[in-house]
Amino acid sequence: MGGCVFCGIVAGDVPAFRVADTPEGVAFLDTRPVFKGHLLVVPRAHLVTLADLPAGELPGYFGLVQRLAVAVEAGLGAGGTFVAMNNKVSQSVPHLHTHVVPRTKGDGLRGFFWPRTRYADDTEAGAYAERVAAALA
């Protein structure tokens, strides 16, 4: 879909630190992560909300989200994950996406007020993406 940054990432036209690229979807680092290693998982097709995802694609898409949640814990040594999705309200990019955020006890995340951080540089971002991708196997 023209103008959709996530469609551009799926197509390979927009650079991103990819963690997974499967028929079910693409996962990449959020450029403004809540915590380092925060992923966005998107379906390959341009869909805006969860209601737009065909029922037959739910198992594959959420299977990928589940595998990535496990990989974030294993690859980053996280104590757990926060998995979330906005539909329309607070959806900064109108393309269905699921957040997979690494969590640790005492990390300061409270409710829905998400502090944001930045990667020091592309090298650090790439290292986080590689660690999660390696644990995805």
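Under our numbering, the letters of the sequence shown match residues 5 to 141, in that order. No residue lacks a Cβ here, since even glycine has one placed at the ideal position from N, Cα and C.
Sequence-distant Cβ neighbours of residue 135 in its own chain, meaning closer than 7 Å and more than five residues away, are 79 and 80. Between residue 76 and residue 106, the gap from beta carbon to beta carbon is short of 8 Å. With a contact defined as Cβ atoms closer than 8 Å, residue 42 and residue 103 qualify at about 7 Å. Judged by DSSP secondary structure, residue 63 falls within the alpha helix (DSSP H) whose first and last residues are 62-80.
The three-state secondary structure of residue 121, taken from DSSP, is coil.
Ranked by Cα distance from residue 56, the first of 10, 133, 100 and 120 is 100.
With respect to residue 72, residue 45 sits close: the two C-beta atoms are nearer than 8 Å. Beta bridge pairing from DSSP links residue 44 with 32 and 103. Residue 33 counts as buried, since no fewer than 16 other beta carbons sit within 10 angstroms of its beta carbon. For residue 130, the three-state secondary structure derived from DSSP is helix. The DSSP-derived three-state label of residue 24 is strand.
By the Cβ neighbour-count rule, residue 37 is buried, with 16 or more other Cβ atoms within 10 Å of its own. Only residues of its own chain outside the window of five on either side were considered, and among them 32, 33, 129, 130 and 133 have a CB closer than 7 Å to the CB of residue 21, listed in chain order. For residue 12, there is no enclosing beta strand (DSSP E); the residue is part of the alpha helix (DSSP H) that begins and ends at 9-15.
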